[in-house]
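full-length UniProt numbering puts the sequence shown at residues 1 to 298.
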Amino acid sequence: MSFARLEAQLKGGLPQTIAVAGAEGDELFQALERVEKKGLARFVLVGESETATALAERYGIDPVAVISAGNEEEIAARSVAAVKEGKAALLMKGTLSTPTLLHAVVTEKSLFPKGQLLSHALVVESPEGRMLGITDGGMNIRPDIEAKQTILNSAVELFHRLGVANPKVAVLAANEKVNSKMPETLDAAQLKERYQTGAISGCIVDGPMALDLAVVPRAAVLKGYQGAIKGDADILLTHDIAAGNHLGKSLLYLGGFHGGGIILGASYPIVLLSRSDTVREKFLSMILALSCGKGTGA
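Below is the structure:
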């Protein structure tokens with residue numbers, strides 16, 4: 001699996017339509033232009049209609065529709081409505097506050113399964129071509145064990161849709177020993193037990209694990225680690241939002257990785273961009289969401 005392969009697979013199908021909530025900004029439209037020119041998607045632009053239309057013309061984008069909306073609440077509501085009404089299959093955050101958009105998402109009950117939890121997944125690719133998923137560095141501040149299981153399940157379903165039949169999930173901690181003073185190790189051990197008893201399926205779960213054991217085969221050999229994952233993890237489940245956020249940004253900004261992120265848990269993929277995301281990261285986030293197809297709830 002690679003972003004290049006995901007893009008190639010998308011080229012073989014019909015373009016999906018993305019509702020862009022808050023359609024303004026040159027870098028955003030540069031990413032939209034790249035996606036549309038490759039024939040991967042089309043767009044419903046929601047926001048200030050004159051601005052959206054002018055930017056579409058500037059970048060040669062032919063939108064499916066331009067939906068006029070005034071304040072942020074109206075933009076969010078009309079963007080979600082575009083998905084509900086079948087005008088779009090996916091949702092993307094443009095120039096709009098994240099809480100406003102996600103409030104509209106969870107308010108529309110027909111598109112947000114009961115008991116579901118929104119979570120963030122970042123998928124990155126190393127310079128050598130290795131793909132890794134990191135969750136949850138963008139939504140849930142300090143999830144409890146039940147929330148972690150839901151987050152894990154959503155990430156596993158994402159990887160199934162990306163073509164990984166039985167992804168390996170490493171539940172991260174500072175080391176592989178269970179310590180009552182380190183709650184992340186207790187949660188990791190419990191998640192591993194749930195996997196071993198069949199409560200978690202469709203993947204392999206191991207933990208607690210230090211990062212090196214999860215991603216460096218040589219480290220697992222040198223440390224004599226005998227778990228199910230020996231440096232070949234596909235998904236890294238972090239203890240809290242800070243750990244996930246730091247890990248993801250370290251790989252992107254210091255490690256030479258590139259990648260994209262989406263929100264999981266609704267009945268459709270949501271591209272949630274950061275203001276600091278590059279055009280390439282915006283593009284890859286759309287590739288990731290388009291590759292998911294419809295439905296990302298566990």
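The beta-carbon is built from N, C-alpha and C at its ideal position, and this holds for glycine as well.
Legend entry - Bridge-paired residues (DSSP) for ARG42: By one-based count along the sequence shown, residue 42 stands at place 42. Residue pairing for ARG42: DSSP places it in a beta bridge opposite THR17.
Inset, instruction - Confirm, please, whether the CB-CB distance from LYS87 to VAL44 is below 9 Å. - result: On the sequence shown, residue 44 is found 44 positions in, with the first residue counted as 1. On the sequence shown, residue 87 is found 87 positions in, with the first residue counted as 1. A Cβ-Cβ contact shorter than 9 Å links VAL44 with LYS87.
Inset, instruction - Alpha carbon to alpha carbon, how far is LEU273 from LYS282? Give it in angstroms, no decimals. - result: Taking the first residue of the sequence shown as position 1, residue 282 is located at position 282. Taking the first residue of the sequence shown as position 1, residue 273 is located at position 273. LYS282 and LEU273: Cα-Cα distance of roughly 7 Å.
Legend entry - Extent of the continuous alpha helix (DSSP H) run through ASP212: Here the question's residue 212 lines up with position 212 in the sequence shown. Run containing ASP212: 211–215, per the alpha helix (DSSP H) assignment.
Inset, instruction - Take the Cβ of GLY137 as the centre, count every other Cβ of all protein chains shown within 10 Å, and call the residue buried at 16 or more, exposed below. - result: Locating residue 137 in the sequence shown gives position 137, where the first residue counts as 1. Counting every other CB atom within 10 Å of its CB across the protein chains shown gives GLY137 a total of 16 or more, marking it as buried.
Legend entry - Spatial distance of ILE270 from ALA56 (CA atoms): Residue 270 sits at position 270 when you count from the first residue of the sequence shown. Residue 56 sits at position 56 when you count from the first residue of the sequence shown. If I take the Cα positions, the gap works out to 21 Å.
Legend entry - Where the beta strand (DSSP E) through LYS170 begins and ends: Looking up residue 170 in the sequence shown gives position 170. Before going on, a small fix: residue 170 reads as Ala here, not Lys. Boundaries of the beta strand (DSSP E) harbouring ALA170: 168–172, taken from the DSSP string.
Legend entry - Three-state class that DSSP yields for THR107 in the structure shown: Locating residue 107 in the sequence shown gives position 107, where the first residue counts as 1. THR107: helix per DSSP, three-state reduction.
Legend entry - Spatially closest choice to GLN116 from GLY129, ALA147, LEU132, THR135, by CA coordinates: Indexing the sequence shown from 1 puts residue 116 at position 116. The residue with the shortest Cα to Cα distance from GLN116 is ALA147.
Inset, instruction - Within the same chain, show all residues whose beta-carbon is closer than 8 Å to that of LEU111, passing over the 5 residues directly before and after it, in chain order. - result: Here residue 111 corresponds to residue number 111 of the sequence shown, with the count starting at 1. Around LEU111: VAL80, VAL83, LYS84, VAL105, ALA266, SER267, TYR268.
Inset, instruction - Measuring alpha carbon to alpha carbon, tell me which of SER180, LYS168, MET182, ALA174 ends up nearest LYS192. - result: Position 192 of the sequence shown, counting from 1, holds the residue named residue 192. Among SER180, LYS168, MET182, ALA174, the Cα nearest to that of LYS192 belongs to LYS168.
Inset, instruction - Could you tell me the distance, in whole angstroms, from the CA atom of LEU96 to the CA atom of ASP62? - result: Your numbering for residue 96 matches position 96 in the sequence shown. Your numbering for residue 62 matches position 62 in the sequence shown. Rounded to the nearest angstrom, the two C-alpha atoms are 22 Å apart.
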